[in-house]
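Chains as they are written, first to last, in our numbering: chain Y, 44 to 228; chain A, 252 to 384.
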Amino acid sequence: GKYVMVIHGGAGTILKKNMTPEKEAAYRAALKEALTTGYETLQAGKTSIDAVEATIRVLEDCPLFNAGKGAVFTHDGRNEMDAAIMNGKTLEAGAVAGVSTIRNPISAARAVMEKSEHVMMTGRGAEQFAKDAGLEIVDPKYFWTQERWDGLQQALKEDSLKSKLDHSYQQPGKLGIENRDNKFG
Amino acid sequence: TVGAVALDKSGNLAAATSTGGMTNKKYGRIGDSPIIGAGTYANNKTVAVSCTGWGEFYIRNVVAYDLSALIAYKGLSVEEAGKTVIAKVDAMGGDGGLIALDKDGNIALPFNTEGMYRGTVTADGKIEIYIYK
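Below is the structure:
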């Protein structure tokens, strides 16, 4: 049949042997809830923009996924989130990057698209714009989850060990970070 | 990262992506998700796309727009275009996946990792959810 919506919740090392039945059921339920929300939005005659925003908000509010409530931590122990949205009819687009206080960054991206002449806003400016646009602002603690915090501590430990054991790790001119699959969140 | 693409009753496409970034990232690093054309793109003439994965490779390959361009200029199907752009990411050493929905309701969900949380729904309400390869 003709498809009307597709979603993803991230890609990476997702092995069945590492997944408990309970956790897999939770992921499937969350994805189903997101799809159902989007489908019902479309069935109600609303736009595809309304549908993708509503769907993403469900996923952002779910701590299982690396977005919104389930966001991973930066090196400094902060949650910095990004989001983007695009309208295929008008080619209008909106995005926010590096935000830490907007409960649903996707709605901020939509506000940038529809309520400003810009395409992307970052950091504190984006947060102020979202507040002025009437979006829900939360304490950064809202995004804290034990699993993501533990993930950061593990990554910091691995980096510390690697820098001690591998003298080529700290190469001159390489100030970035090593991207390993387990860091996708 | 999470993403959604949709096609409404008026034939209009939309794409959205939201992410918490990478664990342990520094220096205000930004990935592909908020960059239009890299991690997110929609055009009624072609396709709506949302990407997930190692963002630097999606930015350098302008993946979402590249997929649209392959349909627009080369006449590829959404499935062929999806495979092509993920192969480019893979060839450079990157990994991840994407979802794409074209203007006619055809889809592609390619990825080169062990798994990708993903789901689809058809016009008649049939929902399918997949996690592994």
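Note that beta-carbon positions come from the ideal geometry of N, C-alpha and C, so glycine has one too.
Of the listed residues the options, nearest to residue i (C-alpha basis)
| i | options | result |
| --- | --- | --- |
| Trp192/Y | Phe172/Y, Thr144/Y and Phe116/Y | Phe116/Y |
| Asp125/Y | Ser284/A, Val336/A, Lys334/A and Lys276/A | Ser284/A |
| Pro361/A | Ser301/A, Tyr292/A and Ala267/A | Ser301/A |
| Ile358/A | Thr252/A, Ala257/A and Ser269/A | Ala257/A |
| Gly272/A | Asn295/A, Gly306/A, Ile378/A and Ile337/A | Gly306/A |
| Thr268/A | Ile57/Y, Asn147/Y, Thr84/Y and Ala73/Y | Asn147/Y |
| Ala176/Y | Thr98/Y, Lys112/Y, Ala54/Y and Lys158/Y | Lys158/Y |
| Ala289/A | Tyr381/A, Leu349/A and Thr297/A | Leu349/A |
Chain Y within 8 Å of residue i, Cβ atoms only
| i | result |
| --- | --- |
| Ile322/A | no |
| Leu360/A | yes |
| Thr364/A | yes |
| Thr303/A | yes |
| Lys277/A | yes |
| Leu258/A | yes |
| Ile382/A | yes |
| Asn312/A | no |
Chain Y residues whose Cβ lies nearer than 7 Å to that of residue i
| i | result |
| --- | --- |
| Ser328/A | Per Cβ cutoff of 7 Å: no residues; Ser328/A is ~14 Å from chain Y at best. |
Three-state class that DSSP yields for residue i in the structure shown
| i | result |
| --- | --- |
| Leu327/A | coil |
| Gly228/Y | Residue confidence for Gly228/Y is low, a pLDDT of 41 falling below 50, so the modelled location carries little weight and cannot support an answer. |
| Gly271/A | coil |
| Leu107/Y | coil |
| Gly333/A | helix |
Classification of residue i by the beta-carbon crowding that lies within 10 angstroms, buried from 16 upward
| i | result |
| --- | --- |
| Lys226/Y | Any reading at Lys226/Y must be qualified, since the residue scores a pLDDT of 45, below 50, and its modelled position is unreliable; the value itself is stated next. Result: buried. |
| Glu103/Y | buried |
| Tyr70/Y | buried |
| Asn61/Y | exposed |
| Glu170/Y | buried |
| Ala68/Y | exposed |
| Gly228/Y | The predicted model places Gly228/Y with a pLDDT of 41, which falls under 50 and marks its position as unreliable; any figure quoted below should be read in that light. Buried. |
| Gly376/A | exposed |
| Leu58/Y | exposed |
Chain Y residues whose Cβ lies nearer than 9 Å to that of residue i
| i | result |
| --- | --- |
| Glu331/A | The contacting residues do not exist; Glu331/A stays about 17 Å from chain Y at best. |
Within-8 Å CB hit, residue i to chain A
| i | result |
| --- | --- |
| Glu179/Y | no |
| Lys207/Y | no |
Partners in chain A for residue i, counting only beta-carbon separations shorter than 7 Å
| i | result |
| --- | --- |
| Pro106/Y | Chain A residues near Pro106/Y: none, gap ~11 Å exceeds 7 Å. |
| Lys59/Y | Tyr383 |
8 Å Cβ cut-off: residues of chain Y touching residue i
| i | result |
| --- | --- |
| Leu264/A | Ser91, Gly131 and Lys132 |
Beta-carbon neighbours of residue i, restricted to chain A and to distances below 8 Å
| i | result |
| --- | --- |
| Gly141/Y | Gly279 and Ile281 |
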